[in-house]
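This report concerns only the one structure given below.
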Amino acid sequence: MARVELVDVTKVYDNKVTAVNTVNLVIEDREFVVLVGPSGCGKSTLLRMIAGLEEVTSGDIFIGGQRVNDVPPKDRDIAMVFQNYALYPHMTVFENMAFGLKIRKFPREEIRRRVLEAADILGLQELLDRKPRALSGGQRQRVAVGRAIVRKPKVFLFDEPLSNLDAKLRVQMRIEINRLHKRLQTTMIYVTHDQVEAMTMGDKIVVLRDGVVQQVDAPLNLYNNPANLFVAGFIGSPAMNFMAGIIQDNGGFVFQGKRFRFALPESLGDSLKPYVGRRVILGVRPEHVYDQQLAGRRPLTNAQEVQVDVIEPIGNEVFLYFGDGEKSYCMRMSPDKLYRPGEKLQIALDARKLFFFDPQTEQRIA
Amino acid sequence: MARKVILYLVLLVGIVVFTYPFFWMLMASLAPEKEIESLVLIPSQVSLNSYRQVVEKIPIFRAFCNSLLVSGAVTAGVLVFGSMVGYALSRLRFRGRNLIFYILLFTMTLPFQITLIPQYILMVKLGWVDTYLALIAPYMMNAFGIIMFRQFFLSIPQDLIDAARIDGCGDLQILFRILWPNSIPALVTVGIITFMNSWNEVLWPLIVIRVEKLMTMPQLIALFAVGGRAEAQLGVKLAAATMLALPIVLAYLFFQRYFIESMATSGLKE
Ligand SMILES: Nc1ncnc2c1ncn2[C@@H]1O[C@H](COP(=O)(O)OP(=O)(O)OP(=O)(O)O)[C@@H](O)[C@H]1O
Ligand SMILES: [Mg+2]
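Line by line, the protein sequences give chains C and U.
For the first sequence, the working numbering assigns the number 1 to the initial residue and increments by one for each residue that follows.
For the second sequence, the working numbering assigns the number 1 to the initial residue and increments by one for each residue that follows.
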C-alpha cells in the first residue's frame, strides 16, 4: 500500500526562492496523479522532495503511512524517470536496468528474470546489449521506464518523461504509460507542463502555480469547474476566452463588456448579486461560443454581431477569431460553414457554460 | 594545397625542435664515449658500454622500483582522494563548500619553496624521514587534481547522480561506479600529469631520503651525475638520463591511446 501524503510541504531554496509553498496533497494508493503547471511553478521540486533528492524546508511527507522526511531516496521504495532519461552511458541496456537490483544485492537469477520481464513488457528484447548512445530517443525513454519497473517500487515518479520526444511518439508513449499503470497497479506521480498530457493520463490532476496548489480534481471536473482564473486559462486548448466587464442589474443581470453586452440567465443571480456595479471577468470556452444561425436549440444568451479577424482551419474544426477593439476572442466551429475574414456574423454564448471571476482575487464567482 | 604544405612544414619543424635533443641523448648514450663530443647523430657503432657502467655503479633497478612504487602510490592517491574531494565540492551541499574551494585555489598559488621547510619539519616529527611514507604521504592529494575533478564532475548531468541515488547508491558508489567510468578523460589527464610530476621530483627526495636503497631514480641519477661517480663521462650520464625518461615516454604513449579514445567516445550528452 503506498498512499502518498504531503502536509504543509514548503521548499525554500538557498537563494530564497520559495519553489513550493504549503502544499497539502493526498495521493491514494494506485492512483495516477499528474502535477501540471507552467515552467518554474515548482513541479520538479515537489517531485524531487517526494523522491528524497531535495530536502523539505518545512512540512511532512508520508509514503505508505511512514514519515519519510529524513529517509534517503534509496530507502523510500520509489523509482523515478527523468526528463533526459539519465541512463548510465557506460552500461548496456541490460546493465542499466539491472543496476538498481545489483546495488540492492538481488540474486543474479532474480535480476535476470526481472530485467527480461521488463524488456518483454517494453519491447526491448533486441536492444539489451546496446549502449544508450546507440538508441533512439523513444528507446532510451523505454529503458528509463524499464529501469524503474524492474525494482517494483511502491511509487513511480515521472518528471516530464515525454517532453524530449516528437509529437507522434509522445502520443504513443502516453498510451503505453497508461497501459503500464493499469498493469502494474502502482501509485504513479507524473509531472508535465503539457495540459493535454495531464488531461489524458491523470485520474487526478494537481494544478500548480508559483509553488501553490490551485486545484486538485479529476480531469473533466477541472475542465468544467475551474476554481479560479488561472486554472480556467491553463486547462483547455485553445484557452478559455476572458472578457473584462461590469455586472449591471436592469431587472435581469447583464454583463457589459467593452463592446459586447450579454444578458445573463437568472440561475447566476445569487452568485452575481454582490458584484452588481463591479468589475468581473467573464470566461467562456471557444466551443461554447456559437454562430447563432447554427446553434440549434441550446439555451443561448442574446446575440452580438462580430466581424471575423482570422480563421484557422484545422481540418476537423475551425477556429475563428474576432475582437472587441481590445482583445481577441476565439470560437470553435465546424468546418461545414466557412466564414472569411471581414465577414460578419451573430454570435451567442452558451448560457449554461459561463464562468465569472473576481478580477482581484482571481477566484471563481460563478 | 599550398596551405597544407606550409602547415606540414611548420609541424615538421616543431617535431624536429622537440625531438632532436631527446634523439641526440638516446644516440649519444649508445655511442662510444669518444664519439659523443663531436655531436654526431648516428654513431659509428652501437655500444651498450654506458648502460653497463650505470648498472654496475648504482642500484638503478632498485631505484626504478622505488620510483614506480612512489609515483604509483602518489598517482593512485591523487586519483582516489582528489576525485572524492572533487565530488564533495561539486555535488554535495554543505556549509563552507565554496570557502574550502577558494582556499584550495589559493594553495595552488603558493610556491613549493614556502611549504618545503614546514613540511620537512613535519616529516621529522612524524619520524618518516628515510621511509617511503615521506615520499608518498604528502603528495597523495593535491589541489590541482581536486580542481580538475571538481570541474569535470560539474559537467556531468545531475540527473545521472540522482538516478544512481534512487537506484540505491551511496556517495562512494556514485563516485566509483557512475562518475569514474564517465570521467576517463579527467582520470587520464590527472593521472598522467601527477605521475610525471612525481616521477621527475628531485628536490624533495633529496631532502628526506638519505639511504641509497630508498632513493628514487631521479634522485639517484642526480647524485650520480653531479656527485662524481660518473667520472665525468658524458655517455654514462646520458644513459642514466635515458633510462630515467624511458618509462615516462612509454607510459605516455600507452595512455595517449586511451586519452584520445576516451575523448572520442565519452559522449555523455545525447
Ligand atoms: N537548485 C535550485 N536552487 C535554487 N533555485 C531553484 C533550484 N531548482 C529550482 N529552483 C527554482 O525553483 C523554482 C521551481 O523550479 P522547478 O524546477 O521545480 O520548476 P518546474 O515546475 O519543474 O519547471 P519546468 O517545467 O521548467 O521544469 C524556479 O523558480 C527555479 O528557478
Ligand atoms: Mg521541471
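Virtual Cβ for every residue (Gly too), placed ideally from N, Cα, C.
Everything numeric in this text was worked out from a predicted model, so none of it was measured.
- Chain U places a beta carbon closer than 8 Å to that of residue 89/C, counting this residue as a contact.
- Shown here, residue 330/C sits in a strand according to DSSP, grouped into three states.
- Within chain U, the C-beta atoms nearer than 7 Å to that of residue 99/C come from 167, in chain order.
- Close to residue 73/C, with beta-carbon spacing below 7 Å, are these residues of chain U in chain order: 165 and 166.
- DSSP places residue 201/C in the helix class (H, G or I) of the three-state scheme.
- Under the three-state reduction of DSSP, residue 77/C is assigned to coil, being neither helix nor strand.
- Excluding residues up to 5 positions away in sequence, 320, 321, 322, 339, 340, 341, 342, 343, 344 and 345 lie with their Cβ nearer than 8 Å to the Cβ of residue 308/C in the same chain.
- In summary, no residue of the stretch 170–202 of chain C has a CB separated from any CB of chain U by less than 9 Å.
- Residue 21/C: not part of any alpha helix (DSSP H); member of the beta strand (DSSP E) spanning 18–27, first to last residue.
- In the three-state reduction of the DSSP assignment, residue 58/C falls in the strand class, which pools E and B.
- With respect to residue 125/C, residue 85/C sits apart: the two C-beta atoms are not nearer than 8 Å.
- Not a single CB atom of chain C sits nearer than 8 Å to the CB of residue 200/U.
- Within chain U, the residues 166 have their CB atoms less than 8 Å from the CB of residue 78/C, given in chain order.
- Distances from the CB of residue 17/C to the heavy atoms of ligand 1 include at least one below 7 Å.
- Taken from the Cβ of residue 198/U, every heavy atom of ligand 2 lies 7 Å or farther away.
- At a threshold of 7 Å, residue 43/C counts as near ligand 2, since its beta carbon sits closer than that to one of the ligand's heavy atoms.
- Look at residue 103/C: its C-beta is under 8 Å from a C-beta on chain U.
- Proximity of the stretch 194–201 of chain C to the stretch 198–214 of chain U falls short of the contact definition, fewer than three beta-carbon pairs being nearer than 8 Å.
- When Cβ-Cβ separations below 8 Å define contact, residue 171/U makes no contact with chain C.
- For residue 35/U, the secondary structure class from DSSP, reduced to helix, strand or coil, is helix.
- The DSSP assignment places 187–192, 204–209 and 212–217 as complete runs of the beta strand (DSSP E) inside the stretch 176–247 of chain C, in order along the chain (cut-off: 3 residues).
- Residue 98/U and residue 189/U have their C-alpha atoms roughly 24 Å apart.
- Chain C places a beta carbon closer than 8 Å to that of residue 181/U, counting this residue as a contact.
- Per the C-alpha coordinates, the member of 291/C, 244/C and 14/C positioned closest to residue 93/U is 14/C.
- Relative to ligand 1, residue 296/C has its C-beta separated by 7 Å or more from all heavy atoms.
- Within the stretch 46–61 of chain C, the residues whose Cβ lies closer than 7 Å to some Cβ of chain U are 51 and 53, listed in chain order.
- Residues of the same chain with a CB within less than 7 Å of the CB of residue 19/C, apart from the 5 flanking positions on each side, are 11, 13, 42, 45 and 211 in chain order.
- At least one beta carbon of chain C lies nearer than 8 Å to the beta carbon of residue 178/U.
- DSSP, reduced to helix, strand and coil, places residue 107/U within a helical segment of the structure shown.
- Remark: the shortest separation between the CB of residue 160/C and any heavy atom of ligand 2 falls under 7 Å.
- Around the beta carbon of residue 24/C, a 10 Å sphere encloses fewer than 16 other beta carbons of the protein chains shown; the residue is thus reported as exposed.
- The contact set of residue 162/U on chain C, defined by CB atoms closer than 9 Å, consists of 48, 51, 53, 73, 80, 82 and 86 in chain order.
- Within the DSSP secondary-structure output, residue 261/C pairs in a beta bridge with 256/C.
- Residue 233/C and residue 256/U have their C-alpha atoms some 59 Å from each other.
- When 150/U, 4/U and 175/U are compared, the shortest CA-CA separation from residue 90/U is found for 150/U.
- Put simply, the stretch 277–284 of chain C touches the stretch 237–247 of chain C. At least three CB pairs are less than 8 Å apart.
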